[in-house]
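If you read the protein sequences in the order shown, they are chains X and V. 2 is the number of the first residue of the first sequence in the working numbering; add one for each residue after it. 448 is the number of the first residue of the second sequence in the working numbering; add one for each residue after it. Below is one structure, written out as structure tokens, with a few remarks after it.
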Amino acid sequence: MSENRKNRRQKAKRKSEVFYHLMMFPGLFFLILFSYVPMVGILMAFQDFVPAKGLFGSEFVGLKHFIYMFHLPDIAKIIRNTVVIALGKILIGTFMAIAFSILLNEIRRQFFKKTVQTVVYLPHFLSWVVLAAVVVNLFSLDGSVNQILSVFGLGPVNFMGNSKVFPGLIIGTDVWKEFGYNSVVYLAAITGIDAGLHEAAAIDGATWWQRVLHVTLPGMMPIILLMGAMSLTSILSAGFDQIYNLYSPIVYETGDVLDTYVYRIGLVGRQYSFGSAVGLCRSIVGMALLLGANGLTKKLTDQKIF
Amino acid sequence: MIDNKSVGSRVRIRVTYGIVFLLGLICLLPLLNILSISLSSSAAVSANRVGLLPVDFTVAAYRKIIDDSQFWKSFGISVTRVILALILNLAVTVPMAYPLTKSVREFKARNIYMNLLIFAMLFNGGMIPTFILVRNLGLLNTIWALILPGALPIFNVILLMNFFLGIPHSLEEAAIIDGANPFQVLLRILIPCAKPCIATVSLFSIVGSWNDFFSGLIYIQKPEKYPIMTYIQSLSVDIQELLKSGASVNALENVTELSNRNLNAAKIVVAVIPLLLIYPFLQRYLITGIVMGSVKE
């Protein structure tokens, strides 16, 4: 009897598993086709890949493209640009998002708060194609920003044509686009802080600033650490969409980053093998960063990224 | 003493309101600028007289768009793409998320699938091998090149999986005892319970497809087949090059594109309208999305 029931349960379980595999199948199909097949395609980084000959007909050349890459004077510059822009975005962006969330939390008038939130979250949802047009209008030589600067007897500054200013423009406009949206997660963290702590600190005579420093910020620390660790993973992606829509050859010196470089040299210039080699190095470092960030997060907080 | 303190805190609150208001303005004004440009005469735009309010108010640019067949073609391609991508994304991610909530005891291959997904999140073939693949599949210059490579957003699978895990297990068990198979459990129990999460991943998908210009840039080589964002990007390329190279707008007045600055602005505004229409939902659900995404396990 019990043997019978066990058998029946086994059978039902096996039947369920068939269903599970069926449900996984469409996803698995796309996963293999568009994630794993291109990984095999990386082989072209070790070849002199000729599209007409295909991956199996092209000649293997070993590490030729990697050696070439490390001898290229451009590559150090491009890595530096990438890291400078990405770090600038992470540091200033995080600071702004935290500061904004602390200020916003002080706002008591709900209508005012909701309106501001609606406005500051909006740029996050707009494409860089659209926002680049906005930025170009504002920051061109005759644009509003230079008109304002001239009132103070400054400028004109050629924001998009001066390689000294360009990274600042990129970092600044990205912070502008994202600080509102990024503040959401910090605002949630602040709301989670025990109100009793604030009251106790206030009774002890702590000023607002002291309470921010000793109650609010420590309370937000787990989420700040988590977000910080996660943002480490984006250190090699300085934002293709944004830079591609704003840069030009005159600012390559400081504005060309890994992704734009791979696109230009590899895809537009059809140096498929060399482009893949650069892409592979980027992917490997990116993976190491993600694993590191995950380990760090697990250590610092009890959460993990994946 | 007490008075003193309350004066100080009143000043602080004023300053706080001021800063928050200012940050709001900084986000709003640049967007208003492009709207005013689209509603101003091209003479005023070329002379750079347009700031926050339209100068020589006119809807001429919008009237021109109505007859612009390429604009509407690209608009239509993007609408089709958003719908197809949304259907495909949901059809692929939702069924995939459910078996992943099972333990290895219930679903032996569970961890194999999970690790395949995680590895694909960690490491990818990169831009060029993916491009070669899409080309070899014969997808170049078709709408499928814009849809299929992004058919499986892995992050959304994980999001859905985590949400399913939070649904009380007893509901599912009751259905199983009543003889429901896993498909029926997913369809009748889990999907109705996971509506907020499904709304979130749907919005991710819609915004992502609508805003994406990169797939169009690399996979579509015929301008008449561009999706909307790639189309708009292609418009602004020439004039941006000129402006960025340091030429001043006045010196460029004879360049024909320049008189189109208000027309381009109008195209941008129209291209953003679909997002503005769903913006209330975006605000509601994507914020839930962030919170769900950050509170894992």
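Note that CB positions come from ideal geometry on N, CA and C, so glycine has one too.
For a cutoff of 9 Å on Cβ pairs, would you count residue i as touching chain X?
i	result
residue 657 (chain V)	yes
residue 474 (chain V)	yes
residue 643 (chain V)	no
residue 570 (chain V)	yes
residue 673 (chain V)	no
residue 488 (chain V)	no
residue 635 (chain V)	no
residue 579 (chain V)	yes
residue 713 (chain V)	no
residue 587 (chain V)	no
residue 576 (chain V)	yes
residue 619 (chain V)	no
residue 453 (chain V)	no
residue 683 (chain V)	yes
For residue i, count neighbouring Cβ atoms within 10 angstroms of its own Cβ and tell me buried if that reaches 16, exposed if not.
i	result
residue 455 (chain V)	exposed
residue 192 (chain X)	exposed
residue 703 (chain V)	Note that residue 703 (chain V) scores 47 on pLDDT, short of 50, meaning its location in the model is unreliable; the coordinates nonetheless yield the value given after this. Label assigned to residue 703 (chain V): exposed.
residue 66 (chain X)	buried
residue 294 (chain X)	buried
residue 557 (chain V)	buried
residue 21 (chain X)	buried
residue 118 (chain X)	buried
residue 74 (chain X)	exposed
residue 680 (chain V)	buried
residue 260 (chain X)	buried
residue 506 (chain V)	exposed
residue 183 (chain X)	buried
Just to make sure I have the definition right: I need the residues of chain X whose C-beta is within less than 7 Å of the C-beta of residue i. Which are they?
i	result
residue 477 (chain V)	135 and 139
residue 467 (chain V)	104, 105, 108 and 117
residue 730 (chain V)	119 and 122
residue 546 (chain V)	21, 24 and 25
Find the residues of chain X that neighbour residue i, judging by a C-beta separation of less than 8 Å, and give them in chain order.
i	result
residue 608 (chain V)	Here the premise fails: no neighbours, minimum Cβ distance about 11 Å.
residue 523 (chain V)	Per Cβ cutoff of 8 Å: no residues; residue 523 (chain V) is ~18 Å from chain X at best.
residue 426 (chain V)	Residue 426 (chain V) is absent from the structure shown; chain V starts at 448 and stops at 744.
residue 628 (chain V)	16, 17 and 20
Could you tell me whether the Cβ of residue i comes closer than 9 Å to any Cβ of chain V?
i	result
residue 254 (chain X)	no
residue 18 (chain X)	yes
residue 90 (chain X)	no
residue 291 (chain X)	yes
residue 111 (chain X)	no
residue 246 (chain X)	yes
residue 229 (chain X)	no
residue 283 (chain X)	yes
residue 69 (chain X)	no
residue 43 (chain X)	yes
residue 205 (chain X)	no
residue 148 (chain X)	yes
residue 31 (chain X)	yes
Excluding the 5 residues preceding and the 5 following residue i in the sequence, name in chain order all residues of the same chain whose CB lies nearer than 7 Å to its CB.
i	result
residue 224 (chain X)	186, 187 and 190
Judging by CA-CA distance, which residue of the options is the nearest neighbour of residue i?
i	options	result
residue 549 (chain V)	X:198, X:17, X:266 and X:250	X:17
residue 285 (chain X)	X:43, X:149, X:102 and X:31	X:43
residue 682 (chain V)	X:294, X:130 and X:270	X:130
residue 649 (chain V)	V:602, V:666, V:627 and V:489	V:602
residue 730 (chain V)	X:52, X:122, X:73 and X:33	X:122
residue 617 (chain V)	V:632, V:536, V:607 and V:606	V:632
residue 78 (chain X)	X:268, X:162, X:269 and X:255	X:255
residue 62 (chain X)	X:15, X:47, X:151 and X:237	X:47
residue 134 (chain X)	V:472, V:608 and V:716	V:716
residue 55 (chain X)	V:579, V:610 and V:511	V:579
residue 76 (chain X)	X:279, X:300 and X:296	X:279
residue 570 (chain V)	X:80, X:241 and X:36	X:36
For a contact defined as C-beta to C-beta under 8 Å, what are the partners of residue i on chain V?
i	result
residue 241 (chain X)	661
residue 145 (chain X)	480 and 498
residue 187 (chain X)	Ordered by position in chain V, no residue passes the 8 Å Cβ test against residue 187 (chain X), which lies about 10 Å from the chain.
residue 153 (chain X)	Neighbours of residue 153 (chain X) on chain V: none; closest Cβ ~17 Å, over 8 Å.
Looking only at its own chain, which residues have a Cβ that is under 6 Å from the Cβ of residue i, when we skip the five neighbours before and after it?
i	result
residue 508 (chain V)	485, 709, 710 and 713
residue 502 (chain V)	487, 491 and 496
residue 612 (chain V)	548
residue 275 (chain X)	66
residue 216 (chain X)	198, 199 and 202
residue 147 (chain X)	156 and 157
In its own chain, which residues sit with a C-beta less than 8 Å from the C-beta of residue i, not counting the 5 before and 5 after it?
i	result
residue 539 (chain V)	598 and 599
residue 646 (chain V)	728 and 732
residue 700 (chain V)	With a pLDDT of 47 at residue 700 (chain V), under the threshold of 50, the modelled position of this residue cannot be trusted; read the value that follows with caution. The residues are 493.
Residue i versus chain X: which residues are under 9 Å apart at the beta carbon?
i	result
residue 461 (chain V)	Residues of chain X passing the Cβ test: none, with the nearest at roughly 11 Å.
Give the interface partners of residue i over in chain V, defined as CB-CB distance under 7 Å, in chain order.
i	result
residue 223 (chain X)	None at all; the shortest Cβ gap to chain V is about 10 Å.
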